[in-house]
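Notes follow the structure.
4 protein chains.
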Amino acid sequence: MKKTAVDLNCDMGESFGRYKLGLDEEVIKLISSANVGCGFHGGDPHVMRETVALAKEYSVGVGAHPGLPDLLGFGRREMKVTPEEMKDYFIYQIGALKAFVQVVGMKLQHVKMHGALDTMARADEELTKAMCEATREISPGLIWLAHSGKGKIAESMELKVVQEVYADRAYNADKSLVSRRLPGAVLRDPKEIGARIKQLMETGTISTIDGNTLELEFDSICVHGDTPGALDMVKTIRGILVDHDVAIKPMGELI
Amino acid sequence: MKKTAVDLNCDMGESFGRYKLGLDEEVIKLISSANVGCGFHGGDPHVMRETVALAKEYSVGVGAHPGLPDLLGFGRREMKVTPEEMKDYFIYQIGALKAFVQVVGMKLQHVKMHGALDTMARADEELTKAMCEATREISPGLIWLAHSGKGKIAESMELKVVQEVYADRAYNADKSLVSRRLPGAVLRDPKEIGARIKQLMETGTISTIDGNTLELEFDSICVHGDTPGALDMVKTIRGILVDHDVAIKPMGELI
Amino acid sequence: MKKTAVDLNCDMGESFGRYKLGLDEEVIKLISSANVGCGFHGGDPHVMRETVALAKEYSVGVGAHPGLPDLLGFGRREMKVTPEEMKDYFIYQIGALKAFVQVVGMKLQHVKMHGALDTMARADEELTKAMCEATREISPGLIWLAHSGKGKIAESMELKVVQEVYADRAYNADKSLVSRRLPGAVLRDPKEIGARIKQLMETGTISTIDGNTLELEFDSICVHGDTPGALDMVKTIRGILVDHDVAIKPMGELI
Amino acid sequence: MKKTAVDLNCDMGESFGRYKLGLDEEVIKLISSANVGCGFHGGDPHVMRETVALAKEYSVGVGAHPGLPDLLGFGRREMKVTPEEMKDYFIYQIGALKAFVQVVGMKLQHVKMHGALDTMARADEELTKAMCEATREISPGLIWLAHSGKGKIAESMELKVVQEVYADRAYNADKSLVSRRLPGAVLRDPKEIGARIKQLMETGTISTIDGNTLELEFDSICVHGDTPGALDMVKTIRGILVDHDVAIKPMGELI
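Protein chains in written order, with the numbering used here: chain R, 4 to 258; chain H, 4 to 258; chain S, 4 to 258; chain Z, 4 to 258.
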């Protein structure tokens, strides 16, 4: 069945002090949900406040984007963290962002893991549970944003799950993304990406890197805003959706 | 008029990673309110969770104890921070602690500045306002814990203020504490401290370092738990209060 | 007397992890001395190695650019640091950079304070002495790079001093830079800057903001490479120098 | 052949800011080589200077004890760091400590990995090589301090290697230490430890946890000084050595 609405989510608020990352002021106008850095892998209190203000101005749903305590590695290096530590890191970071969100009269919408947490979560169920527990304990109303097909543990813990797809990444048969190190992992041709999105919206399927057809449940498409090229891609994706009469709405309004 | 109840507050939760600070497990049994480090000058997510759990176990009121982003200096070195930065630091830290408090079903009780913030706030009204604004925006129900006579700005901003005295510190005529660098600044004789507390509870006055009598409004006495000697002093103070039929209650129950 | 050679120095190596700052790869080709961040206010071990490699490739003299332990504030916020702490921060940072320099077979050339250290040093002679002591103890051969007229303490401590001027900044009568907050503090007109440099090189004088003529001793001109506009300015300055047959050499070769 | 001299090495200088770790002032009197924290997992510039001063006072050899950039985890959590990053971390940390050592007129003696680096190095030869490369490039005279039998890579890279044994830890047949999580991993009985040391010094062998006899080459014994109990153990070990006419000397004097 043809989808008539979808969420566009994007990482934001990952600048730190004098260091600026991403074209947040531009990309915010194009998306419907923002995954906001919480000060561990990126983001700082000032950046968090400004990002939340931007989200409010453009009616974009705000999610926490907690990461590893590794600013130097931007949270992209796996660390041997215990589930207990992980849970505490999530409560701390989500709590901090939630305060900025509440102060402007909004509600925190969702939580999405950052960087190496994704890899770590896939390798260790206890870590995933710890993150989900933190999320649910902070508020049972928080949405867990997961890769399509990868939200089972969150669901089993009674979290609302929204699934996302990557329009510009190739998929393996097991619904995982093709590693960035392999050729063909990242798509750059707007036409090809347009065709994928059309197929996704109309049939709920995507072609895998080995040429098969994969069914993917999703309510959100993940986009990037860290380079001018990435921003153009978001405009392209948004244009395709608009052309197909697909409404772009924060994930919280879709479930 | 004789006081029949008072709060005992103490800084806690300022350990970090493998570094342990303070005899939290002991002092928690003796006090009624804990000022908990929030990860900037001291404290980390793990320590925060454990400290909140201790507070819950012993029915101790939990306050946020935000500090400067200077772990190396333990938040004791003045930094030229703008009011806007300060407000953001407070929202971040209070928000993070609030999450740990809510997760165990408690309510955050109060906020108390840490370390050099006290000096900075006295020198710059805008900084004080920024901290108070952050506190009130997070929740108008939060108590602002201030030195006796020093809570005027917080009051003018419609925050509930609880005033505190230091039983083991000498006072100047203007209600400020005598600088630690001066002789006689810190009292160590249990008898003398006992006499001061008796006088405080019975008459609401204290003798200044130059021999005059100072009226001090207060609902809380600040104690320390970072050394075995400090802990003994808390026991002494507590004993004096109990001997005088003074109830020891979290500040939130006193106003 | 007309100057026939001058050094061009520029801050570099202030990126951190994924955060990129400055057009180091471009500006390195235009200058003769680099002030390299040492990991406190900016810079990290990876960035330091890469910056030193660039400097070696283009025969640029390498200096340490130590800062306050305040990455969040980029070392631009004054902190109440003791002279003893300051000396230790300098030894640590200069030592770390020196290792990267030695590993590629170069010699560390100079030391230049970063950010708020400049303001702090002017207000507190003991702090200046502490920084100079650290520099001299690490190596008596290290050059202390100072604002023109501001290197007296370093000289009195038997450090070799090189003085610098800012081609794009207005001067007060006391040889201090006009505060950035005041109008006219920063010059942007290439013609005007060209005229100033010509005057500086030919007569050793500069016009102050109130229209007087100031004599300025110098062997180095400080330039900036953190924006495309700044880079263009460096090109302009370099062009003017070349047009006037002024050789551009690392400060270590000028004294 | 009976050994007539041995080095006693101990981790030191791992305090941070207000956080104190270890009984450095006591243990320094009992050992001959100190592995000094370099500010990543523990230690700070102030602590480094004080530790080096202690080492100088008691004629103890100073080694760098570099760790992962994870103060929160005390460098004990494995991180996915590339060999290139690791090399840079080593150059930075060793360089910083070397500066403090040179400033007091001493020479840096050795390098010893801290915490999780040991595990990571065993699992990844490229990481070990990166650490050794950094060490050798800083100075070919630096000693690489390795577990007995585990210094092959360092040797192949032309580093001088000193091997160490743990007097209070049980050994597996492959010369690895029995994991702390297993029963019997840590020995606490002074008599038993005394017997082990006697056997080590007289025959160069140790009994493994499964009762076999293992030959262990070594010139250094690693001891701990982080608790009063640990300190007593060092005194015991030292006493046994003295009783057996074994001289205790910095490793640099033994090879």
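Note that CB positions come from ideal geometry on N, CA and C, so glycine has one too.
Taking a C-beta cut-off of 7 Å against chain R, the contacting residues of the stretch 60-88 of chain S are 74, 75, 76 and 77, listed in chain order. In the structure shown, the three-state DSSP call for residue 124 of chain S is helix. In chain order, 55, 56 and 59 place their CB closer than 7 Å to the CB of residue 107 of chain S, counting only its own chain and leaving out the 5 sequence neighbours on each side. With its beta carbon less than 8 Å from one in chain H, residue 21 of chain Z belongs to the interface.
For a cut-off of 8 Å, the C-beta gap from residue 169 of chain H to residue 225 of chain H is around 5 Å, short enough to register as a contact.
The C-alpha of residue 39 of chain Z is placed about 15 Å away from the C-alpha of residue 149 of chain Z. Positions of the beta strand (DSSP E) runs, each at least 3 residues long and wholly inside the stretch 142-179 of chain Z, are given as 146-150 and 163-169 in order along the chain. Listed by position along chain S, the residues whose Cβ is nearer than 7 Å to that of residue 17 of chain Z form an empty set, because the closest Cβ is around 15 Å away. Between residue 98 of chain Z and chain S, the shortest Cβ-Cβ separation is below 8 Å. At least 8 Å separates the CB of residue 235 of chain H from every CB of chain Z. Apart from sequence neighbours up to five positions away, the residues of its chain that approach residue 160 of chain R with a beta-carbon distance below 8 Å are 132, 135, 136 and 139, ordered along the chain.
CA-to-CA, the gap between residue 79 of chain Z and residue 119 of chain Z works out to about 5 Å. According to the DSSP assignment, residue 15 of chain R belongs to the beta strand (DSSP E) that extends over 8-15. The criterion of a C-beta distance shorter than 8 Å is satisfied by residue 44 of chain Z and residue 117 of chain Z. Within chain R, the C-beta atoms nearer than 7 Å to that of residue 47 of chain S come from 75, in chain order. About 19 Å separates the Cβ atoms of residue 171 of chain H and residue 24 of chain H, ruling out a contact at the 8 Å cut-off.
In terms of Cβ geometry, residue 97 of chain S and residue 176 of chain Z do not form a close pair [threshold 8 Å]. Taking 8 Å as the threshold, the shortest C-beta distance from residue 205 of chain S to chain Z does not fall below it. The beta carbon of residue 120 of chain S does not come within 8 Å of any beta carbon belonging to chain R, so the residue lies off that interface. Secondary structure at residue 109 of chain H: coil, using DSSP grouped into helix, strand and coil.
Within 10 angstroms of the beta-carbon of residue 32 of chain H lie fewer than 16 other beta-carbons, which makes it exposed. Residue pairing by DSSP places residue 74 of chain Z opposite no residue, since no beta bridge is assigned to it. Per DSSP, residue 64 of chain S is not a residue of any alpha helix (DSSP H); the beta strand (DSSP E) it occupies stretches across 64-68. The Cβ neighbour count for residue 73 of chain S, taken over all protein chains shown within 10 Å, is at least 16; the residue is labelled buried. A Cβ-Cβ separation of about 17 Å leaves residue 63 of chain S out of contact with residue 18 of chain S under the 8 Å criterion. A distance below 8 Å between beta-carbons, with the five flanking residues on each side excluded, links residue 151 of chain R to the following residues of its chain, in chain order: 166, 167, 168, 178, 219, 220 and 221. Three or more beta-carbon pairs drawn from the stretch 79-89 of chain S and the stretch 122-131 of chain S are found closer than 8 Å, and the two stretches are therefore classed as touching. Residues 18, 19 and 20 of the same chain have their beta carbon placed closer than 8 Å to that of residue 47 of chain S, with the five preceding and five following residues left out of the count.
Spanning the alpha carbons of residue 53 of chain S and residue 22 of chain R requires a straight line of approximately 19 Å. Going by C-alpha positions, residue 104 of chain R is about 15 Å away from residue 42 of chain R. DSSP, reduced to helix, strand and coil, places residue 208 of chain H within a strand of the structure shown. Using beta-carbon distances, residue 24 of chain S counts as an interface residue toward chain R, with a partner under 8 Å. Taking 8 Å as the cut-off, the Cβ atoms of residue 212 of chain R and residue 232 of chain R do not count as close. The beta-carbon of residue 27 of chain S is placed no less than 8 Å from the nearest beta-carbon of chain Z. Residue 100 of chain Z and residue 147 of chain Z have their C-alpha atoms spaced approximately 16 Å apart. In terms of beta-carbon proximity, residue 37 of chain H stays away from the interface with chain R, with every pair separated by 8 Å or more.
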